Structure formats: C-alpha cells, structure tokens
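Position 137 of the sequence shown, counting from 1, maps to 137 under the working numbering, and the rest follow consecutively.
Beta carbons are placed, not taken as given, at the ideal position from N, Cα and C, and that holds for glycine.
Bear in mind that the values here come from a model prediction, so they are computed numbers and not experimental data.
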Amino acid sequence: MADSVRVAGRLRNLVGAAWLILLLLTGWLEFLRFRDIAALPDTPWMTGLLVWDGNLTPSFWVLAFLPFLVWMARRKGLSRRTATDQTVIPEERGSLVPRRIRIRTAIGLAILSGIASAAVGLRPIQVRADGSTIAFCELPPAFHDEFSYLLQARTFLSGRISWPAVSVRPDLFHQIHVLNTPRTASRYFPWTGLWMAPFVAAGQPVIGHWVAGALACAFFYLSATFLFRQPTALTAGVLIAASPGIAVFSNMLLAHHPAMLALSVFLWAFQHMRCTGRPAWAAVAGTGLALAMLARPMTAAGFALPFGIWMLSRFSIDGRGDGHHPRRTILSSGCIPAMGAPLLVGFVLLGLMNHDITGRWTRSAYQLYTDEYTPRHRYGFNNVVNGMAHEGPNRLVAYDDWATNLTAERAAVNVWNRSQASATWSLGLFPLVFGVAVGVGSLFLRREDRTQPCLLACSVFSLHLVHVPYWYDGIQHWHYVFETAPLLLILAASGLSLTVEVLTTLLRKRTARLWTTSLVLSGLLPGWLDMHLLWGDSRVTRAVAELSYSRTQMEAFRQTTADAARLSPVLVLVDERGHDPQLSYIVNPPDYSGPVLVCRHPQTDQEIAELQTAFPDRRLLRFDPKTFRLLQAPAADTVPSTRP
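Below, the structure is given as structure tokens:
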C-alpha cells in the first residue's frame, strides 16, 4: 500500500510538472503576443483578447483554468484522496475486452477516419471566375510525386513493370520523378502504385488513400488494446481518426498512407506475436513490414528498428534457459524466420523490379534518378557539395539547385521543424506535448511492464533519427516523419488518460474528464474549425488553400489543352523559362498516347520541325505559364529551352 501511495504521488507530481511548465511557457508566449499587438499603431492591447493565435491561446486558457477548478472543488468541500490505487494499478488491457466489441469499435473508428478524410476532400474549390467549384479531391494533384505514383499505378494496371524508353527527345519529355531512360517508369518503390491501382482503375484514386487511412486507424486502435486499457485505446483511435494532419495527407496521392497502413498491420500483428509466440503472426507482421519497405524503405526501417532490437534482445535473454527447463524463445518458436521470410521475398521482388528498370539487380530506380537528374538531392550531409562532384548532362538544373547544403546547424533546424510540425498537425502543439510528456514519463514510474509502450516512443525517435541526414524538412515541414503521428497520438492518449485519473484526486471525475477533453479540443478545434472572430482560418483550411493553388493551375491547364484537342490531337510545348520548378506541366500517359501530349519548348525552329516530323498527326501549340495562354507554335520560334 505504501508503495502504491508513493507511485501515486510521483504520478501526481509528473502531471503537475507538465501542467506548470506548459502554463509558464504558453503564458510567456501569450505575453509576447500581447506586447507585439500593443506595439502596433492605434491598436489597444486589449485586442489580444479578441485576436487569438490558434496554436497557442486556446491551450493557454485551458491550462490557466485548471487552478480555478481545483479551488472550486475544495471550496465545495470535496475531499482530497491521499491513497488511490486507480492511478497505479492497471486495469485489464483492452485486448481482454470481448472481441466483438473491439471489432465494432475498430469499424466505428474507421468510419470516423473516413469522414475526416472526406471533410477535407469534399471542400469546394473555386476554379473559374464565374464562381464554379470542384471538390478538392477531384482536382489534379499538386506535387510531382503524386503524378509519378499515378503513372506507376497505370503501369501496373497495364500488366507491366515499366514501359519502353522514350525514343523522341527524352530531355524535352522528361517528367519529374519519372525515368524515361533506359526504361519509362516511376522512380518510386512499388507498394504505393499497387495499392492505388484498383482505385485508379475505378477512377477514384483518392478513395484508396481514404480507405488506407481508415484501415490504419482501426489497426492502430487494435494495437493499442494490447498496451493500454480499453478507454485509453479508444481515445487513441479517436485522436488518430480526427487528426487534421492525417486527414489532409489522405487527400494527397503520396506514399504515406499506404505505408502507414502496412506499418499499422505490422504493429498489430507484432503485438499478437508477442502475446502468443505463434509464427503465423510473425509472418503477418513481416508481410506488413515488407510492404512498408516497398513504399518508404527508410521510414519502415526507422519505425521497426526498436522492435527488431527488442526481438533480438529477447532471444539472447530467453534463449539461455537452465538446461533442465528450457524456456520458450522467439527464435525457437520460429517467429524470427517467419518474420524474415516476407522481408526476403520483398527484397527479391525489388531486385526483379530494379533489373527490369535499371538493368541492375541492386540499383533502384530511385537511386538512378537521383544520380542522373538530382545529384544534390542525395541523402547525407554536404549533399550539395558532394552532388556537385557527380553532376552530369541530364541534371535538372532549376529543380536540383533548389536543394540546400545540409550542415549540422541545418539538420538541427530540420529536426526542430519536423518535431514542431508533427505535434501541431497530429493534434495541436501543446495538447500533444502535454499528453506525450505525461504518457512517456509515466512509463518510468508505473510498476507494470513498460517495454512495449517504450518501443513506441523509441520508434518515434528512430524515425526522426534516420531522416536527420536529409536536407529538406518535408512537405508542411513534417512529411518525412509523418508516420510518427499515430504513435505520438497513442502515447498522448495514455498520458491524457492518466491525467484524468490523477485529477480525480482533486476534482470530480466528470470535471477531470471535461478539463482533459477541453485540452484536446484546444488543439483539434483550431485544426478543423474556422473562427474568424478568434483565430481565423483553421489549419486544414489554410492547408487546402495552399495545396489548391497548384491544383487549380493544373486543372486550368488540363481544361485549356483538352479544349484545344477537341478537333485534333495536340502536342503542347511549355515554355518553362523562369517558371517555378515546383510546378511542372510535363505530365503524359506512360505510353504517350491520348489527345494531349506535353513537352518542353525546344531551343530552335529546327527542333520544332523535328518534333512535328515525329508527331505528324498532332498540332503543335505553345503554352506560356506566365500568361496562361495557349498559342499556335510558329515554325520559326526560337524560344530557349530550360531544364526544370
């Protein structure tokens, strides 16, 4: 009993310390905000009460309100509990809850996740001056990567791994993130294209990412039931389903959602394997990890590294036995070979794909593309300096020059940006920091086995670690560590649940739950809800507006060229001089068929004539992105060509 009281006191101190530190931090930041507002001409300092910082102000007021609630509780004569086992003794794990309840809960969370994705994707976006709109998810993609994955999916749907090399001016027809010599193929790894293929065939590729996010949410919830009580696992599932950052990324045709789905299956099956020791579950976990490797190899390695170390350590510890009563080990049960077999199959499939595209078993399309076209985008420190030594004739000058040289200082800034953005987009900066701090801190105070929750925290750390040697912090400053989001939310859910338990020693349980829920909402509401009288547009609204610019440009280009091709097929020559390399209109079907083909404007009229000879059935048109005008290409036009 004395030990329980001691641990309960430490947990109470942990929650109190997290609350106090964040209150002081948010209070100081609010003071600075008020000071900056007061320094504006003709602006009363009271304006700060009406104009909020959505990432800061709501969390500050929720944190600041807690002492008032405690004072009110004491004034009403609520006794403070000095000994409580409920903050120390764990209740039954969620995995002990009846299976039908867990399945129904998982289905409900998947539906909630789908609703969140649709809430982003179905937002109307104005595309014409007359006010006509298109749903955000129905606009063309915004990033070069998305077009590359679409090409990959269409390649697989045709029954191919790659297409023949481009025979006419590969430099003019080069699509960013797509090889067109020695074969035409996406530079990326195959799982994303395989996942997208059936949805692309149905004409709704974004639905595939919504489904991937919904299934991943369900599997992460089921994984959490092995680690925490059912209410905590449910909280984790709700936070993942309602995460604004995850919902926004579900509307981008990137590798993250297929990879996240594969990793969620890995984590779920790994927990089954840990509890049962059955090789079948190890094989399922290995399959999930292999698929994640075939989507985002570095992410898969960073995510799984702590779990692999744990497996090896368990083997080395448990494998000794005593000679008379040998202990069952993970290796003796066949789990390590069962998990390794799918990974081996994945490497073999990747080798076959490499050989088909690059001609070498060990050289991936990704590596070949980096070496040939973007040598400064390489992995590692001093990427620009090292890349300059490997520049070749195929280098995409403008796009490659976008890279900045990675130094230790730059890497530290990237880690800070990724950490801050992942917390902000997962839930909200201060609510997530509070929940994770309490959740991770409690692992060192509780009496029960804390190994598996610690592995989640280690996985977050290793995911950040493996991406330190890359110069770019990521899309929205965090996409390289996007897969940390569900892990952070699971850890935050454990901390928030513990906070409720601790606060019940000071408040009524209903009040404790209400305050903790308010803290969560202080992060979620500014993420989802537009409040023009307080914080203005939500994070989701701002993200959609930012992404919509490139999408509406691509949609306008598609409409313009489609209208021009109604009478006869066209070849559009895009003048990319001085144009933003992040927005390239050079996107073509993998077999270079269809009414519209697009390439860069060549340098001389002789080259234009050669293009007309190569495509005799197409009218040649010139497109200027600056004026957004489509004109007949004159035979003697001598617009200089530039590489993107």
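Excluding sequence positions up to five away, which residues of its chain have a Cβ less than 6 Å from the Cβ of residue i?
i: Q458; result: A quick correction: the sequence has Cys, not Gln, at residue 458. Excluding sequence neighbours, C458 sits near P306.
i: T192; result: Y149, A255, P258 and A295
i: M260; result: A216 and E483
i: H324; result: Residue confidence is low: H324 scores 45 on pLDDT, short of 50, so the model does not pin down where it sits. Its coordinate-derived value is still stated next. Once the five neighbours on either side are set aside, H324 has no close Cβ partner at all.
i: M293; result: A300 and G346
i: G131; result: none
i: P640; result: The pLDDT assigned to P640 is 43, lower than 50, so where the model puts this residue is not dependable; a value taken from the coordinates is nonetheless given after this. Counting only Cβ-Cβ distances below 6 Å, and skipping sequence neighbours, we find Q603.
i: T82; result: For T82, the predicted structure reports a pLDDT of 44, less than 50, and the residue's modelled location is therefore unreliable. A value from the coordinates is still provided. No residues qualify anywhere along the chain.
Rounded to a whole number of angstroms, what is the C-alpha to C-alpha distance between residue i and residue j?
i: P326; j: F143; result: Only weak support exists for where P326 lies, its pLDDT of 43 falling under 50; the value from the coordinates is given anyway. About 56 Å.
i: I134; j: P140; result: 11 Å
i: N394; j: D401; result: 13 Å
i: M554; j: G439; result: 44 Å
i: L573; j: N251; result: 30 Å
i: I161; j: Y399; result: 27 Å
i: H532; j: S538; result: 9 Å
i: S167; j: L344; result: 36 Å
i: N55; j: E483; result: 22 Å
i: V238; j: I107; result: 12 Å
i: D42; j: W535; result: 21 Å
i: G308; j: L488; result: 20 Å
i: A636; j: R600; result: Summary for A636: the model assigns pLDDT 44, below 50, so the residue's position carries little reliability, and this model does not support an answer.
i: L524; j: G428; result: 6 Å
i: L154; j: Q603; result: It should be pointed out that residue 154 corresponds to Arg in this sequence rather than to Leu. Going by the C-alpha atoms only, they are around 32 Å apart.
i: F189; j: T370; result: 14 Å
i: R99; j: A118; result: 29 Å
i: R689; j: L519; result: Any question about residue 689 goes unanswered here, given that the chain covers just 1 to 644.
i: F423; j: A485; result: Strictly speaking, residue 423 in this sequence is Ala, with Phe absent from that position. The alpha-carbon atoms of A423 and A485 are separated by roughly 8 Å.
i: N417; j: L507; result: 37 Å
i: D36; j: L465; result: 36 Å
i: R376; j: V384; result: 5 Å
i: G245; j: V460; result: 16 Å
i: E138; j: A38; result: 44 Å
i: Q86; j: T105; result: The predicted position of Q86 is uncertain, since its pLDDT is 44 and thus under 50; no value can be drawn from it.
Can you say whether residue i is buried or exposed, counting buried as having 16 or more other CB atoms within 10 angstroms of its CB?
i: D563; result: exposed
i: Q645; result: As shown, the chain starts at 1 and ends at 644. That puts residue 645 outside it, with no answer to give.
i: G594; result: exposed
i: I21; result: exposed
i: S645; result: Here the chain comprises residues numbered 1 to 644, so residue 645 is not present and cannot be evaluated.
i: Y480; result: buried
i: Y549; result: exposed
i: P431; result: buried
i: I608; result: buried
i: G114; result: buried
i: R226; result: Here residue 226 is Phe; the residue named in the question, Arg, does not match the sequence. So F226 counts as buried.
i: D145; result: buried
i: I101; result: exposed
i: P44; result: exposed
i: C275; result: exposed
i: W71; result: exposed
i: S522; result: buried
i: T613; result: exposed
i: R75; result: exposed
i: M273; result: buried
i: N13; result: exposed
i: W425; result: buried
Could you round the C-beta distance between residue i and residue j to whole angstroms and report it? I think they count as a contact, below 8 Å.
i: A492; j: L503; result: Contact flag wrong, Cβ pair sits at about 16 Å.
i: L109; j: A241; result: 5 Å
i: G527; j: F434; result: Contact doesn't hold; Cβ gap of about 16 Å is too wide.
i: F199; j: G208; result: 3 Å
i: A236; j: I475; result: About 25 Å; that fails the 8 Å criterion.
i: C335; j: G277; result: 7 Å
i: T181; j: A165; result: 5 Å
i: G462; j: G302; result: The question names Gly, yet the displayed sequence has Ser at residue 462. Right, their Cβ atoms sit about 5 Å apart.
Please confirm whether any heavy atom of the ligand MG lies closer than 7 Å to the CB of residue i.
i: S158; result: Of the ligands one can find in the structure shown there are none, so the ligand MG has no counterpart to examine.
Within its chain, find whatever has a CB closer than 8 Å to the CB of residue i; leave out the 5 residues flanking it on each side and keep chain order.
i: P469; result: Y379, G380, F381, L406 and A411
i: T451; result: W310
i: A556; result: V127 and F628
i: N354; result: R360, W361, T362, R363, S364 and A365
Apart from the five residues on each side of it in sequence, which residues of its chain come closer than 7 Å, Cβ to Cβ, to residue i?
i: A696; result: For residue 696 there is no data in the structure shown, the boundaries of the chain being 1 and 644.
i: T541; result: D530
Please go through the segment 156-232 and give each complete beta strand (DSSP E) segment of 3 or more residues, from N-terminal end onward. 183-186
Unbroken stretches of the alpha helix (DSSP H), 4 residues or longer, contained in the segment 450-501: 451-466
Start-end ranges of the beta strand (DSSP E) lying completely within the segment 264-305, minimum 3 residues: No beta strand (DSSP E) of 3 residues or more sits fully in the segment 264-305.
Could you tell me which uninterrupted beta strand (DSSP E) segments, each at least 3 residues in length, are contained entirely in the segment 104-134, listed from first to last along the chain? 124-126
Every unbroken alpha helix (DSSP H) within the segment 39-77, with a cutoff of 4 residues, ordered by chain: 57-75
Can you give, in chain order, each stretch of the beta strand (DSSP E) that sits fully within the segment 552-582 and has at least 3 residues? 570-574
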